[in-house]
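In my numbering, the protein residues as written are -13 to 389. For each residue, glycine too, the CB sits at the ideal point set by N, CA and C. Structure first, commentary second.
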Amino acid sequence: MDFELAAALYNNYFNYKENSLTARWIRHSDISPLIDKLDNNIFKVSVCGNSYCGKEIRLVTTGSGEKRIFMWSQMHGDESTATMAIFDIFNFLSGNDGFNNLRKKIFKDTTLYFLPMVNPDGAEEYKRGNFLDIDINRDAIRMETPEGKILRNTFDKIKADFGFNLHDQNVRYTAGDSYKKATISFLAPPFDHKGMVDATRGDAIKMINGLTRILNKYIPGHIAKYEEDHEPRSFGDKFQGLGTSTILIESGGWKDDKEKQYIRKLNFIILLSAINSIINKTYRDETFKIYENLPYNKESLYDLVLRNLKFKERNCESLMDIGINIDEIYGENPEVFITNSTIEELGDLSTNYGSDEIDLHGYDYELPGNCLKIGDAANLQIKKNGVLRYTIDNGTIRNPLLH
Ligand SMILES: [Zn+2]
């Protein structure tokens, strides 16, 4: 793995960032003009077919080399981090600067195939499924969705050596039992229920091993492994079994990066590092060790944990931790978020973490004639010796004494 290249990409990323893509709700109308204006001396664009609602799904190809690399993104409409990174990669490939040697090698030794936004109808509504809410990534057997058919037909035509299946995952996953968010999770999807490793899957594992070593320089402790069960309805599992070394990359959470712009940059670095490694065959020198020891994604993180509160009701006191999640969901207007807080868990949360935590030992809360319920919005008043000290207002802590 080329750590110097990764560092150079990291430091020069700003030159290639596609500045028209700034937030995670990326739609077909955002990427279409960018594909239209790609330099046709470098890129070939072809229409693979139409989505359920008739949006064109286009394949972007570049290079004329022997090694075929296929990258597809946003099969789930609300998972756009890698789509943004793909357009950064297009800018990189269009550049003319100190990276020209790498560009030359890419064009000579590889043919790159990009299918950005497999699910434009889902993207339009910022939702996972296609227009009919069918999960395209559970359609690899039945092949009922036009989008799934397009992905499969494109795959069959390319017969790639490597495939990169690019997704986003729950932003609250942690890397194993740590409090650190799983910012990037990998998987070399298994092609059978036994989890066999053949040469194809072995190469995917080795590549992940190398990419993890690169990411360890930037996000140590924030790299995890996705659930390893074989899912025959998933395209990654299917493609692995058909002889393309397939790597699932899941972009997760990073503190204070709701729009996932830092994680997009990490995608840019690891995807280009992977291409470079395929050219130089350095992935072959990797072992399985780091991959095997990657912690799994775990769901143990809440956005806010209030610890050690006392709840007094009916002459009875209960010690309680409160786990709260705060979702920012898009309303009708893509510029405006709606904040939704939810009480997720009550009781002993000593094995959970909070992105934010506050120890409220000595404080209590009262909801006369009522008690908190899971699923409620997080609105409560917190007192000490009968005096109001904090209010939790839709998941936000406020100290009324400071106002
Ligand atoms: Zn996904």
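query	result
Determine the direct distance from the alpha carbon of E272 to that of F(-11), and round the result to whole angstroms.	14 Å
For my contact list, N319 and L305 are in at a C-beta cut-off of 8 Å; report their separation, rounded to the angstrom.	Not quite, the Cβ-Cβ distance comes to about 43 Å (not below 8 Å), so this is no contact.
Could you tell me whether any non-hydrogen atom of ligand 1 is closer than 7 Å to the CB of N1?	no
Quick one: give me the first and last residue of the alpha helix (DSSP H) that D107 is part of.	P106 to E111
Please classify F323: does DSSP put it in a helix, a strand, or coil?	strand
I need the straight-line Cα distance from F172 to A210, nearest angstrom please.	6 Å
Return yes when the C-beta of E65 is under 7 Å from any heavy atom of ligand 1, and no when it is not.	yes
Counting Cβ pairs, one atom from each stretch, are 3 or more of them under 8 Å apart for the segment 115 to 131 and the segment 324 to 339?	no
Would D345 be called buried (16 or more neighbouring beta carbons within 10 Å of its own) or exposed?	exposed
In terms of alpha-carbon separation, which member of A190, L88, G238 and I383 lies closest to F425?	Here the chain comprises residues numbered -13 to 389, so residue 425 is not present and cannot be evaluated.
Between the segment 176 to 185 and the segment 74 to 90, do at least 3 Cβ pairs fall closer than 8 Å?	no
Please identify the residue among E133, F141, D350 and N(-2) whose C-alpha is closest to the C-alpha of N82.	N(-2)
Looking at C-beta atoms only, is the number of pairs between the segment 105 to 124 and the segment 35 to 45 that lie closer than 8 Å three or more?	yes
Which first and last residues belong to the alpha helix (DSSP H) in which E133 is found?	P132 to I144
Taking C-alpha atoms, which residue in F148, M70, R114 and K246 lies nearest to R187?	F148
Does DSSP classify F85 as helix, strand or coil?	coil
Tell me whether P132 is buried or exposed, calling it buried when 16 or more other Cβ atoms sit within 10 Å of its Cβ.	buried
Need the endpoints of the beta strand (DSSP E) that T198 sits in, please.	Note, T198: premise wrong, no beta strand (DSSP E); alpha helix (DSSP H) at A185 to L201.
Count the C-beta pairs between the segment 332 to 341 and the segment 279 to 290 that are closer than 8 Å, then say yes if the count reaches three, no if not.	yes
Opposite I308 in the DSSP bridges: which residues?	L292 and L332
Start and end of the alpha helix (DSSP H) containing S18?	H14 to D22
If you run the structure through DSSP and keep just helix, strand and coil, what is N1?	helix
So does the segment 48 to 60 actually touch the segment -2 to 9, counting three or more Cβ pairs closer than 8 Å?	no
State the Cα-Cα distance for the pair P281 and T198, rounded to the nearest angstrom.	12 Å
Which runs of the beta strand (DSSP E), 3 residues or longer, sit entirely within the segment 192 to 262?	209 to 211 and 231 to 237
Check this for me: beta carbons of R114 and H62, under 8 Å apart or not?	yes
Would you tell me roughly how many angstroms separate the C-alpha atoms of K23 and S80, rounded to the nearest one?	11 Å
With E285 as the anchor, note down where its beta strand (DSSP E) starts and where it stops.	Neither: E285 is in no beta strand (DSSP E) and is coded neither H nor E.
Taking the beta carbon of G361 as the centre, do at least 16 other beta carbons fall within 10 Å, making it buried, or is it exposed?	exposed
Here's the rule: buried if 16 or more other CB atoms are within 10 angstroms of the residue's CB, otherwise exposed. What is V157?	buried
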